[in-house]
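Undergrad: Residue numbers (this note's numbering), protein chains in the order written: chain A, 1 to 223; chain B, 224 to 451; chain C, 452 to 725.
The beta-carbon is built from N, C-alpha and C at its ideal position, and this holds for glycine as well.
1. Apply the 10 Å Cβ neighbour rule to residue 656/C and answer buried if 16 or more other Cβ atoms are within range, or exposed otherwise.
2. On a CA-only basis, which of 619/C, 677/C, 717/C, 503/C is nearest residue 596/C? Give me that one, please.
3. What does the Cβ neighbour count give for residue 360/B, buried or exposed, with the cut at 16 atoms within 10 Å?
4. Fully enclosed by the stretch 48–91 of chain A, which alpha helix (DSSP H) runs are 4 residues long or longer?
5. Hey, is residue 296/B's beta-carbon within less than 9 Å of any beta-carbon in chain A?
6. Locate the alpha helix (DSSP H) running through residue 246/B, then write down its first and last residues.
7. For chain B, find out if any of its Cβ atoms is closer than 9 Å to the Cβ of residue 190/A; answer yes or no.
8. Check each candidate in 10/A, 92/A, 100/A and name the one with the smallest Cα separation from residue 164/A.
9. Alpha carbon to alpha carbon, what distance is there between residue 274/B and residue 329/B?
10. Drop a sphere of 10 angstroms on the beta-carbon of residue 59/A, count the other beta-carbons inside from all chains shown, and report buried for 16 or more, exposed for fewer.
11. Residues of the stretch 45–75 of chain A with a CB closer than 9 Å to any CB of chain B: list them in chain order, please.
12. Taking only the alpha-carbon atoms, compute the straight-line gap between residue 262/B and residue 441/B and give it to the nearest angstrom.
13. Quick check: the stretch 567–576 of chain C against the stretch 627–635 of chain C, are there 3 or more CB pairs under 8 Å?
14. Report the CB separation of residue 70/A from residue 424/B in whole angstroms; it is logged as a contact under 8 Å.
15. Starting from the C-beta of residue 232/B, find all residues in its chain whose C-beta is less than 7 Å away, skip the five residues before and the five after it, and write them out in chain order.
16. With distance defined between alpha-carbon atoms, name the residue in 301/B, 368/B, 333/B nearest to residue 439/B.
17. Using three-state DSSP, classify residue 592/C as helix, strand or coil.
18. If you compare alpha carbons, which of 699/C, 685/C, 548/C, 598/C is closest to residue 586/C?
19. Inspect the beta-carbon positions of residue 551/C and residue 615/C and report whether they are closer than 9 Å.
20. Which of the three DSSP states is assigned to residue 632/C in this structure?
21. Hey, would you say residue 105/A sits closer than 9 Å to residue 33/A, going by beta carbons?
22. Starting from the Cα of residue 396/B, find the closest Cα among 255/B, 230/B, 239/B, 235/B and give me that residue.
23. Is the beta carbon of residue 674/C sitting closer than 9 Å to the one on residue 594/C?
24. Can you name the residues of chain A whose CB is closer than 7 Å to the CB of residue 551/C?
25. Near residue 79/A, what residues of its chain come up, given a Cβ to Cβ distance below 8 Å and the 5 sequence neighbours on each side ignored?
26. Can you tell me the Cα-Cα spacing of residue 658/C and residue 170/A, whole angstroms?
27. My parser needs the beta strand (DSSP E) runs of 3 or more residues fully inside the stretch 647–705 of chain C; what are they?
28. List the residues of chain B that residue 210/A touches, going by C-beta distances under 7 Å, in chain order.
29. Can at least three beta-carbon pairs, one atom from the stretch 634–641 of chain C and one from the stretch 380–395 of chain B, be found at a separation below 8 Å?
30. Apart from the five residues just before and just after residue 602/C, which ones in its own chain have a Cβ nearer than 7 Å to its Cβ?
31. Where residue 12/A and residue 197/A are concerned, what is the direct C-alpha to C-alpha distance, given to the nearest angstrom?
32. So if DSSP puts residue 638/C in a beta bridge, which residue, or which two residues, is it bridged to?
33. What number of angstroms, rounded off, separates the C-alpha of residue 584/C from the C-alpha of residue 568/C?
34. Alpha carbon to alpha carbon, how far is residue 560/C from residue 490/C? Give it in angstroms, no decimals.
35. Mapping the DSSP letters down to three states, classify residue 721/C as helix, strand or coil.
36. Do residue 259/B and residue 385/B come within 9 Å of each other at the CB atom, strictly closer than that value?
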């Protein structure tokens with residue numbers, strides 16, 4: 001019996017609730033992770049363009065640490081070290097995953113935001129400041145809306161990577177799509193159909209976003 | 224809470240076996256990463272040129288490949304190379320990573336090619352250059368300069384992503400570290416090993432991304448921007 | 452154009468699947484016709500025995516960070532089989548496997564044999580060939596002494612760390628049913644044993660459950676293996692389904708080792724004798 005025998009497909013497909021549950025967890029982790037990553041990315045991105053050396057340094061340290069170590073080791077550390085630092089607080093595994101992808105992609109998004117802000121000519125900021133805007137007001141009303149255009153395509157790409165990277169939950173028993181698939185495949189030996197189904201589901205989650213990113217990019221290239 | 228400078232931690236930090244194992248793992252990680260970048264550069268440039276080209280079949284096939292690869296997790300690609308293609312673990316890791324990375328590099332290449340103004344194409348064509356000649360003598364030399372920084376930073380990504388190869392039994396840094404951690408019992412010791420692994424990745428990648436940024440500022444010097 | 456690209460991308464997914472199907476289905480069928488009768492001959496032709504072993508189970512199969520060599524009871528068994536088939540016990544190629552990877556690697560022909568604390572189970576007999584048992588073990592529970600857990604009955608609502616692709620979870624659930632216990636533990640699956648141990652140490656899981664001999668590698672002053680054990684686990688040497696002459700050869704080697712007393716010596720060498 002080959003690994004792609006018809007009976008294996010039947011068995012795998014009849015266990016669809018396993019995949020749906022996993023998909024649900026993956027979606028939760030992706031949405032919450034994205035919100036966290038956006039918040040961190042905007043905060044540190046703005047900080048990295050501020051005039052204060054301290055905030056720039058802080059932002060640099062954050063970006064360097066998270067961009068230069070694998071997500072896998074960050075998640076292992078969070079998973080095993082958090083209970084030691086706070087033994088009373090039981091943090092669910094999904095939350096570890098959300099923190100993991102949130103902080104990791106926050107670092108990338110902060111670089112995207114920084115590039116977006118820096119794409120606006122400095123004269124505009126000076127002009128706004130001279131008109132009596134505060135730094136925050138100038139950022140909010142003048143710089144960020146323009147920067148958004150530059151920022152959106154790479155941001156969407158980050159969202160795609162984030163969705164895929166939630167599969168890191170599989171290594172800490174996070175109950176996501178990859179974990180459920182792996183667990184099912186391992187127990188029943190139906191890894192052939194399982195991996196194809198899991199791959200297809202990830203593709204369906206990611207492609208619309210990737211497509212949107214592509215469209216935004218094309219639009220920019222035209223203008 | 225707990226004492227970090229405990230005898231357990233000192234015993235671990237002074238054990239040469241720890242460093243031997245980590246260095247051995249780092250060697251394999253770098254080996255995988257270097258071969259991957261080499262392969263991905265070749266395939267990525269080809270794919271990027273295909274996608275950029277106006278020949279419908281070529282550009283559609285390249286686009287479909289890139290879109291497909293970019294939208295599924297790397298881990299799944301590696302597992303497939305390992306189980307389905309039946310390659311040894313390190314080779315499967317390299318193939319999976321290369322399939323993935325060449326799609327990313329193809330996009331970098333396309334971006335680089337797009338950045339060359341169409342006027343240059345027209346000028347070259349009017350001088351009697353054909354497509355291949357324009358690519359080789361006019362467009363690529365300029366575009367490659369723009370591609371270098373993102374490709375160097377992609378190297379960092381490959382080094383990090385190679386940690387997934389642990390799942391298919393390649394003895395790279397992450398796996399060597401995990402097996403090493405199996406020798407120790409105390410939670411603080413295990414965490415120390417994880418920290419050592421993270422530090423090893425950090426040092427290598429920090430140097431590389433520093434290099435990438437240096438290249439970038441060198442290549443895009445002279446723009447008045449906010450904050451710098 | 453965009454629609455075309457989407458269609459092409461989907462076609463790519465399907466092609467990917469078809470390639471997988473053709474690749475594996477193909478080897479599976481040819482193997483059934485040729486290799487089934489020439490399994491041992493194929494190894495002789497290759498001149499090397501490819502064996503999947505554990506690298507994180509001290510005593511059975513462990514890659515010692517000090518020596519960087521994979522060694523253990525199961526590796527010695529592999530050597531004995533290589534000696535029988537090829538006349539040279541060094542002609543083995545060891546490939547690290549986990550509970551998750553060992554099955555697929557047999558199916559795709561990367562391995563001739565798996566000797567990796569692989570329990571013989573009826574479901575598994577449908578997928579792979581198994582030799583007679585070379586070691587009997589029980590599923591056990593490793594807990595922190597400070598947790599106060601004294602038995603399975605104390606694990607209601609607690610999390611048990613188990614290995615991916617292992618039979619532990621089923622065994623525990625069966626035991627709960629057999630004993631009529633009214634408890635509902637949660638399970639977390641991990642790829643490697645060191646990861647489960649780390650999760651136990653950090654308090655992520657309350658018990659580490661796997662075969663007792665594997666747990667032995669992780670005992671220290673603060674942790675204990677509960678005396679309670681259940682679901683006898685018979686370890687067998689697995690080969691591809693239908694590779695009957697290879698399994699027969701393996702059985703012969705095992706019988707020889709047992710009758711000559713060599714097996715007991717090996718068990719003693721690795722501290723596995725009971």
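TA: So, to answer that:
1. So residue 656/C counts as buried.
2. The shortest C-alpha separation from residue 596/C is found at 677/C.
3. Flag for residue 360/B reads exposed.
4. Within the stretch 48–91 of chain A, the complete alpha helix (DSSP H) runs of at least 4 residues are 53–68, 71–85.
5. Cβ-Cβ to chain A under 9 Å: yes for residue 296/B.
6. It spans 239–275 - the alpha helix (DSSP H) in which residue 246/B sits, taken as one unbroken run.
7. Not one chain B Cβ lies under 9 Å of residue 190/A.
8. Ranking the options by Cα distance to residue 164/A, first place goes to 100/A.
9. Counting only the Cα atoms, residue 274/B lies some 8 Å from residue 329/B.
10. Here residue 59/A is buried: its Cβ has 16 or more other Cβ atoms, across all protein chains shown, within 10 Å.
11. Cβ contacts with chain B: 48, 49, 50, 51, 56, 64, 65, 67, 68, 69, 70, 71, 72, 73, 74.
12. Distance from the CA atom of residue 262/B to the CA atom of residue 441/B, rounded to whole angstroms, is 27 Å.
13. Counting Cβ pairs under 8 Å, fewer than three are found: no touch.
14. Contact between residue 70/A and residue 424/B holds: CB atoms are separated by about 6 Å, below the 8 Å threshold.
15. Result list for residue 232/B: 411, 412, 415, in chain order.
16. In this structure, 368/B is the residue among 301/B, 368/B, 333/B with its C-alpha nearest to the C-alpha of residue 439/B.
17. The answer is strand: DSSP assigns residue 592/C an E or B state.
18. For the options 699/C, 685/C, 548/C, 598/C, the alpha carbon positioned closest to that of residue 586/C is the one of 685/C.
19. Yes, Cβ-Cβ distance for residue 551/C and residue 615/C is below 9 Å.
20. Residue 632/C carries a coil assignment under DSSP once its states are collapsed to helix, strand and coil.
21. Cβ distance < 9 Å, so residue 105/A and residue 33/A count as in contact.
22. Ranking the options by Cα distance to residue 396/B, first place goes to 255/B.
23. Result yes, Cβ atoms of residue 674/C and residue 594/C sit closer than 9 Å.
24. Contact of residue 551/C with chain A by beta-carbon distance below 7 Å involves 182, 186.
25. Take residue 79/A, set aside five residues on each side of it, and the residues of its chain with a beta-carbon closer than 8 Å to its own are 93, 96, 172, in chain order.
26. When the Cα atoms are used, residue 658/C and residue 170/A turn out to be separated by approximately 20 Å.
27. If we require 3 residues or more, the beta strand (DSSP E) runs fully inside the stretch 647–705 of chain C come out as 658–662, 674–676, 681–686, 689–691.
28. Within 7 Å Cβ-Cβ: 290, 293, 294.
29. The stretch 634–641 of chain C and the stretch 380–395 of chain B do not touch, with fewer than 3 CB-CB distances between them shorter than 8 Å.
30. Correct list, in chain order: 677, 679.
31. Per the coordinates, the alpha-carbon of residue 12/A lies some 9 Å from the alpha-carbon of residue 197/A.
32. In DSSP, residue 638/C forms a bridge with 611/C.
33. Residue 568/C has its alpha-carbon roughly 11 Å from the corresponding atom of residue 584/C.
34. Their backbone Cα atoms lie some 11 Å apart in a straight line.
35. Residue 721/C falls in the coil class under three-state DSSP.
36. Taking the C-beta atoms as reference points, residue 259/B is found nearer than 9 Å to residue 385/B.
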